[in-house]
Amino acid sequence: YTCSLGSLASVENSYLVCRIGCSGSITDAAMSFHCYDNIPDLGETGGRDYTYNPPVSSFEASFAGNAWISLATGSRGWEVRIKYRHIIRSGKMNSSPVTAMAEVVGVQYGCSYLIKIPVADYDGDDVRCRWASRDSGECSGVCQSFPGAYLDERTCELEYNSVGQNTGYYVVAIQIEDFAYSTDTVPLSSIPLQFLVNV
Numbered sequence: 167y168t169c170s171l172g173s174l175a176s177v178e179n180s181y182l183v184c185r186i187g188c189s190g191s192i193t194d195a196a197m198s199f200h201c202y203d204n205i206p207d208l209g210e211t212g213g214r215d216y217t218y219n220p221p222v223s224s225f226e227a228s229f230a231g232n233a234w235i236s237l238a239t240g241s242r243g244w245e246v247r248i249k250y251r252h253i254i255r256s257g258k259m260n261s262s263p264v265t266a267m268a269e270v271v272g273v274q275y276g277c278s279y280l281i282k283i284p285v286a287d288y289d290g291d292d293v294r295c296r297w298a299s300r301d302s303g304e305c306s307g308v309c310q311s312f313p314g315a316y317l318d319e320r321t322c323e324l325e326y327n328s329v330g331q332n333t334g335y336y337v338v339a340i341q342i343e344d345f346a347y348s349t350d351t352v353p354l355s356s357i358p359l360q361f362l363v364n365v
């Protein structure tokens, strides 16, 4: 499938679905996105903002599908999950962390790399990254599917040694979370990030 740049492309039979704290589908129609780019052999990239006013103070929702390209490890199935808690601090609602990670990172076989995941938080909260969890419904068939990688949760840096690994595409599936204080263990919110590494 190739989308026209700038057009609105739909994702068939895909909805942002409530998992905890609410019910049903958050989006009334199938998910759609604005086409940003077509990457040869990989498909299209894009994005779109959705506004949702939850009827509860905390909820979890996910978006799932089965459309990853052929991968070196893992399956084509994927899931991304958001976790939201309505918290007011200093008169403002908490803002979740954000990232501007590239969709694909290329690395050369036989070398070691440090991949920095760019993260920010408008509230100045402590931001951490962790591997997405299958048990929590955060990644489906691409959980822990990047062998040879170590994630520093405090710095959001990924150390990778490609020696002895198969060449091909790998999915990195992580959750980015914000904490009010560096000593906190329960996040204010959690957002998903999945990107490809091409070895």
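Position 41, counted from 1, in the sequence shown is what the numbering used here calls 207; the numbers after and before it change by one each time, with no gaps. Positions of the beta carbon are idealized from the N, C-alpha and C atoms, including for glycine.
Simplified DSSP state of G307, which is helix, strand or coil: Within the sequence shown, numbered from 1, the residue matching residue 307 stands at position 141. DSSP places G307 in helix when its eight states are reduced to three.
Where N219 falls: helix, strand or coil (DSSP): Here the question's residue 219 lines up with position 53 in the sequence shown. In the structure shown, N219 sits in coil (DSSP, three-state: anything other than H, G, I, E or B).
Inter-residue spacing [alpha-carbon to alpha-carbon] between V293 and C309: Along the sequence shown, one-based indexing puts residue 293 at 127. Along the sequence shown, one-based indexing puts residue 309 at 143. When rounded, the distance between both Cα atoms is 21 Å.
For N260, three-class secondary structure by DSSP: Sequence index remark: in the sequence shown, residue 260 carries index 94 (1-based). Residue state, collapsed to three classes: coil.
Distance, G276 Cα to C184 Cα: Here residue 184 refers to the residue found at position 18 of the sequence shown. Here residue 276 refers to the residue found at position 110 of the sequence shown. Looking at the two C-alpha atoms, the distance is approximately 43 Å.
Buried versus exposed call for L362 [16 or more other C-beta atoms within 10 Å across all chains shown]: The sequence position of residue 362 within the sequence shown is 196, counting from 1. Result: buried.
Segment limits, beta strand (DSSP E) that includes T283: Along the sequence shown, read from residue 1 onward, the residue named residue 283 stands at position 117. It is Ile, not Thr, that sits at residue 283 in the sequence shown. Neither: I283 is in no beta strand (DSSP E) and is coded neither H nor E.
Where S224 falls: helix, strand or coil (DSSP): Taking the sequence shown and counting its residues from 1, one reaches residue 224 at position 58. DSSP places S224 in strand when its eight states are reduced to three.
Closer than 7 Å: A230 CB and nearest the ligand SAM heavy atom: Absence of the ligand SAM is noted for the structure shown, with no ligands found whatsoever.
Cβ pair D344, D287 closer than 8 Å: If you number the sequence shown from 1, residue 344 lands on position 178. If you number the sequence shown from 1, residue 287 lands on position 121. Yes. Within cutoff.
Whole-Å CB distance - T265 paired with V285, under 8 Å assumed: On the sequence shown, residue 265 is found 99 positions in, with the first residue counted as 1. On the sequence shown, residue 285 is found 119 positions in, with the first residue counted as 1. About 5 Å; that satisfies the 8 Å criterion.
Proximity of Q360 and V338 at Cβ, strictly below 8 Å: Translated into the one-based positions of the sequence shown, residue 360 becomes position 194. Translated into the one-based positions of the sequence shown, residue 338 becomes position 172. It is a contact, given that the beta carbons lie within the stated cut-off.
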